[in-house]
Structure formats: C-alpha cells, structure tokens
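Take a look at the structure below.
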Amino acid sequence: MRKKVFICSPFRSDMEGNARKAAAYCRMACEEGHLPIAPHLLFPQFLNEGIEEERRLGIAMGMELLALCDEVWVFGEATEGMAAEIASATERGKKIIFKETEGM
C-alpha cells in the first residue's frame, strides 16, 4: 500500500498559479511512489472559496483527510491555512517534511 502524503501548499493568493504548483507537487509525490492527497485541488471543483461557509467546509474536510495521511509535505511559505494544517499534523504526531520549491 502506498504511503499517503498530504500536500500542504499555498492556494488562495493566486489560485490558478498555486493550483499548477500543487499539481506538480502531487506529481512529485506520485513519482516517488506515494499517494498524494491535495484537498485544495479537489474541493474548489465543487465548493466556492468565496463563500465563507463553503470555504470552512472545505477546510474541515481537508483536516479529515490529513488525519488519514502518513506524512505532511509542506511547500513554500506557510499561509494561515497551511499553519493550521501544520498545527493539526503536529498534534496528531504526523511526520512533517518541508520541501524545497526552488526550480519547480
């Protein structure tokens, strides 16, 4: 069974550009033989980030997925949302790995 890796990276500030970057991070995890989990790529497909209630729902569901993961890979400078994910991962005793983004 593949190791489940939660992809923690910026999103809101530049949704289009950050989605491309997150997809590249997912590909990297996949190429290393892992199962990437990136809620910020999935949930905006059917939840509206501009509606606070839907944004909160997406964050809550993302935290549930984080709980199922073996590791959390952090890319880029932590945003407020990323800091919450990192704190949750720390509380749950998840392995947290900070990845380089230079050249990606």
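Position one of the sequence shown corresponds to residue 136 (the numbering used here), numbered consecutively onward. Quick reminder that beta carbons are idealized off the backbone N, C-alpha and C, glycines included.
Per DSSP, cross-strand counterpart(s) of residue i
| i | result |
| --- | --- |
| glycine 171 | Sequence inspection shows proline at residue 171; the glycine mentioned does not correspond to that position. Bridge partners of proline 171: Val140. |
| lysine 234 | Phe210 |
For residue i, the first and last residue of its enclosing beta strand (DSSP E)
| i | result |
| --- | --- |
| glutamate 206 | 206-210 |
CB of residue i within 8 angstroms of CB of residue j, strictly
| i | j | result |
| --- | --- | --- |
| phenylalanine 186 | lysine 139 | In the sequence on display, residue 186 carries isoleucine and not phenylalanine. Contact: no. |
| leucine 200 | valine 207 | no |
N-terminal and C-terminal residue of the alpha helix (DSSP H) that residue i is part of
| i | result |
| --- | --- |
| lysine 229 | Unbroken run through lysine 229: none, as it is neither H nor E. |
| glycine 193 | 187-203 |
Cβ neighbour criterion (16 or more within 10 Å) applied to residue i
| i | result |
| --- | --- |
| serine 144 | buried |
| isoleucine 232 | exposed |
| glutamate 220 | buried |
Three-way DSSP call (helix, strand, coil) for residue i in this model
| i | result |
| --- | --- |
| phenylalanine 146 | coil |
| phenylalanine 178 | helix |
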